[in-house]
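Student: Okay, handing you the structure first.
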Amino acid sequence: MRIYFSGDSDPMVTGTASEHRATAAKVQEFLAGSGESLVLPADIHGSPTPYTSLLKGIRISRSGGAVSMQLSHEGEICVAGSAQNLSRWAERFVFPFEGEAGHHHIDSRFDWVASDSAGLIIEIDDHEA
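In numbering that gives the first Met the number 0, the protein residues as written are 0 to 128.
Given below as structure tokens:
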């Protein structure tokens with residue numbers, strides 16, 4: 000998983016369909032347990048071009064209500080929300096077919112995302128890592 004970011008756009012998480020499904024499974028496993036937070040590290044090696052930076056990962060924590068996504072000063076995407084809404088968030092990482100191209104958005108157009116939340120793009124890489 001790599002997370003590309005430029006100040007003028009939503010962060011973009013890239014990976015293969017199987018990598019994204021694994022991310023979704025890790026989040027669901029976290030939600031089924033009793034842990035307070037989950038850190039999903041990202042690959043920060045290589046060039047972020049045409050973006051300005053690669054983010055370090057995603058930090059997920061339980062809270063009440065709608066999902067809120069914010070960029071931390073440490074270079075992580077901080078995601079918080081109720082277990083039900085975080086489960087919906089994780090479902091956006093699932094692409095049914097390995098060869099499927101495309102991307103999904105997570106933003107405040109969804110009623111389970113906070114209106115003041117940053118957005119996120121989940122994109123399929125066109126090749127296996």
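No residue lacks a Cβ here, since even glycine has one placed at the ideal position from N, Cα and C. Keep in mind it's a predicted model, so treat the numbers as computed, not measured.
Would you list, in sequence order, the uninterrupted alpha helix (DSSP H) runs of no fewer than 4 residues that lie entirely inside the stretch 2-72?
Tutor: 16-31
Student: If we call anything under 8 Å between Cβ atoms a contact, is Tyr-3 one with Pro-47?
Tutor: yes
Student: So which of Met-68, Ser-71, Asp-7, Asp-42 has the shortest CA-CA distance to Gly-14?
Tutor: Closest option to Gly-14, Cα to Cα, is Asp-42.
Student: Among the candidates Ser-71, Ser-67, Ala-65, Arg-61, whose CA atom is the shortest distance from the CA of Lys-55?
Tutor: Ser-71
Student: Which two residues bound the contiguous alpha helix (DSSP H) that contains Ala-79?
Tutor: Counting along the chain, Ala-79 falls outside any alpha helix (DSSP H), though it belongs to the beta strand (DSSP E) covering 75-80.
Student: Cβ atoms of Ala-82 and Ala-134: under 8 Å apart, would you say?
Tutor: The chain is shown from 0 up to 128; residue 134 falls before or after that span and cannot be answered.
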